[in-house]
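In my numbering, the protein residues as written are 26 to 304. C-beta: ideal position from N, C-alpha, C; glycine also. Just so it is clear, the structure is predicted and the values come from calculations on it, not from any experiment. Down below is the structure, laid out as structure tokens.
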């Protein structure tokens with residue numbers, strides 16, 4: 026987290042210098058507030074029929090931020106948006122008013138809509154902010170925009186194991202999104218395989234936590250752990266899921282099927298030594 030915050034401070038200083046050349050912070054806030062306000066109400070305010078040609082929908086960068094006006098170029102407005110994200114990531118978002126929270130949600134949504142990978146550091150800081158907002162969405166974007174590597178694995182584990190700061194949904198989002206990423210990850214060399222396997226081991230060592238109980242995580246184990254499909258490890262995992270009411274409600278049918286399949290196999294279920302200490 027320290028490295029992320031340091032990078033955000035550098036970016037903030039860069040954007041502050043850049044924007045100061047032609048615009049004050051108040052002007053910068055105003056142009057971003059205008060864009061977020063318009064985007065938040067655009068579809069609500071549309072008259073019947075198609076919008077006029079000079080009023081494009083906010084589903085492109087130009088439609089969202091607007092054309093070059095009043096000394097603002099599109100590049101300058103994108104820099105202002107980056108600055109806004111960096112500030113949002115370190116704010117006490119719990120103290121924001123209704124519209125400020127609405128605009129924050131719109132901003133995070135635009136990062137997803139535009140697949141805006143430049144926002145990954147701001148999204149990571151927002152996700153790690155104890156008083157952040159839209160953290161579940163920010164968590165998902167960090168996993169989507171980041172590489173499968175030790176840093177991302179540590180980020181996900183931080184969230185999965187910290188129930189004092191993160192709620193059930195945020196923790197589950199971290200584990201499930203990373204599991205999905207690992208399932209689709211095409212490791213093509215030994216380094217990538219090692220990084221992927223480190224992610225699998227992280228999910229495995231946290232599998233008995235509430236945040237580690239998910240059908241897609243079970244599928245990760247099936248794909249990457251030899252013999253897991255017919256092991257007592259899997260039976261333990263399936264049965265443990267029912268110790269958490271929310272998990273039982275969401276994944277009950279899946280893990281009931283797994284449990285019945287294993288118990289009715291008529292075959293001994295070996296324990297697989299996987300992870301630290303074989304656990």
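Check, Outcome
"Do you know how far the Cα of residue 267 is from the Cα of residue 46?", "Low confidence applies here, because residue 46 scores a pLDDT of 49, under 50, leaving its location unreliable; read the following figure in that light. Cα to Cα, the separation comes out at about 59 angstroms."
"For residue 296, report the span of its alpha helix (DSSP H) as first-last.", "Premise fails: residue 296 is in no alpha helix (DSSP H) and is neither H nor E."
"For residue 83, count neighbouring C-beta atoms within 10 Å of its own C-beta (all shown protein chains included) and say buried if the count is 16 or more, exposed if not.", "buried"
"Express the C-alpha separation of residue 151 and residue 236 in angstroms, rounding to a whole number.", "20 angstroms"
"On the premise that residue 56 lies in contact with residue 102, defined as a C-beta separation below 8 angstroms, what is that separation, rounded to the nearest angstrom?", "6 angstroms"
"Does the contact criterion of 3 or more C-beta pairs under 8 angstroms hold for the segment 230 to 244 versus the segment 196 to 205?", "yes"
"Helix, strand or coil for residue 142? Go by DSSP, reduced to three states.", "helix"
"Strictly under 8 angstroms for the Cβ-Cβ distance: is residue 209 near chain C by that measure?", "Note that chain C does not occur in the displayed structure, where there is just one protein chain."
"What are the complete alpha helix (DSSP H) segments, minimum 4 residues, inside the segment 95 to 143?", "99 to 115, 123 to 138"
"Please identify the residue among 194, 182, 135 whose C-alpha is closest to the C-alpha of residue 110.", "135"
"So, helix, strand or coil for residue 158, using DSSP?", "coil"
"Check whether the segment 156 to 166 touches the segment 189 to 196, counting contact only when three or more Cβ pairs, one atom from each stretch, lie closer than 8 angstroms.", "yes"
"Relative to the C-alpha of residue 300, which residue among 227, 199, 288, 291 is closest?", "227"
"Taking the alpha carbon of residue 149 as the point to measure from, which residue in 138, 133, 280 has its own alpha carbon closest?", "133"
"Quick check: does the Cβ of residue 192 come within less than 7 angstroms of any heavy atom belonging to the ligand NAP?", "Inclusion of the ligand NAP in the displayed structure is not the case, the ligand content being empty and no account of it being possible."
"Give me the Cα-Cα distance between residue 29 and residue 107, rounded to the nearest whole angstrom.", "Low per-residue confidence applies at residue 29: pLDDT is 47, beneath 50, and the placement is therefore not dependable, though the value from the model is reported in the following sentence. Rounded to whole angstroms, residue 29 to residue 107 spans 15 angstroms at the Cα level."
"Cβ of residue 209 within 8 angstroms of Cβ of residue 131?", "no"
"Considering only residues of the same chain and omitting the five flanking positions on each side of residue 284, which have a CB-CB separation below 8 angstroms?", "260, 263, 264"
"From residue 213 to residue 221, what distance separates their C-alpha atoms?", "11 angstroms"
"Considering residue 275, what are the terminal residues of the alpha helix (DSSP H) in which it resides?", "270 to 288"
"Along the alpha helix (DSSP H) that carries residue 176, what are the first and last residues, could you check?", "175 to 185"
"Are the beta-carbon atoms of residue 180 and residue 145 separated by less than 8 angstroms?", "no"
"Under the three-state reduction of DSSP, which class applies to residue 53: helix, strand or coil?", "helix"
"What are the uninterrupted segments assigned as beta strand (DSSP E) that are 3 or more residues long and contained completely in the segment 208 to 232, given in chain order?", "none"
"Where does the unbroken alpha helix (DSSP H) through residue 246 begin, and where does it stop?", "240 to 249"
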